[in-house]
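Residue numbers (full-length UniProt numbering): 1 to 153.
Ideal Cβ placement from N, Cα and C applies to all residues, glycine included.
Source: prediction; values computed, not measured.
Have a look at this one:
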């Protein structure tokens, strides 16, 4: 069973590992691939993401193997005037249906928090685009290499 778990600040070492994995972060090549999630910013990052109502963050936890396998989040993006989501599933756990469940759980959580829509701006050729479309997201615009997908919750 997949569930969303909001981490403690001491658990952020998993996020650091996730964002440093080259295979997992290959989708992010337009922004340089891996991300250095330096411990120096953990406290301020955690304060924002865990205490601001315009932000939500959780790890994806797989009860069967008893470990984190990814992360999900959303935040209010001023440029778009929309809530934009993020989902990262570790490379070895992709194409097993776990990301689909995690995305469904994120949408449910967002709806319970009063959101009416969730969006994602992904690279047009990102294979995850099919997952979003299968879950009812609609393409609302595309420019350069980015496609905006949106779902009514």
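Residues that DSSP places opposite residue 58 in a beta bridge
By one-based count along the chain shown, residue 58 stands at place 58. Per DSSP, 72.
According to DSSP, simplified to helix, strand and coil, what is residue 81?
Position 81 of the chain shown, counted from the first residue, corresponds to residue 81. Correct three-state label for residue 81: coil.
For the candidate residues 93, 65 and 54, whose alpha-carbon lies nearest to that of residue 84?
Position 84 of the chain shown holds residue 84. Nearest to residue 84 by C-alpha distance, out of 93, 65 and 54, is 54.
Does DSSP put residue 50 in a helix, a strand or coil?
As a working mapping, residue 50 is identified with position 50 in the chain shown. Assigned with DSSP and collapsed to three states, residue 50 falls in helix.
Whole-angstrom C-beta distance between residue 21 and residue 93, which should lie under 8 Å:
For the purposes of this step, residue 93 is taken as residue 93 along the chain shown, with counting starting at 1. For the purposes of this step, residue 21 is taken as residue 21 along the chain shown, with counting starting at 1. Between residue 93 and residue 21, the beta carbon gap of about 12 Å keeps them out of contact (Cβ cut-off 8 Å).
Buried or exposed for residue 24, please, with buried defined as at least 16 other CB atoms from any protein chain shown within 10 angstroms of its CB.
Position 24 of the chain shown, counted from the start, is the residue given in the question as residue 24. The residue is buried, with at least 16 neighbouring Cβ atoms inside 10 Å.
Looking at the secondary structure, which residues open and close the alpha helix (DSSP H) in which residue 121 lies?
Walking along the chain shown from the start, residue 121 turns up at place 121. Unbroken run through residue 121 is the beta strand (DSSP E), 117-123; no alpha helix (DSSP H).
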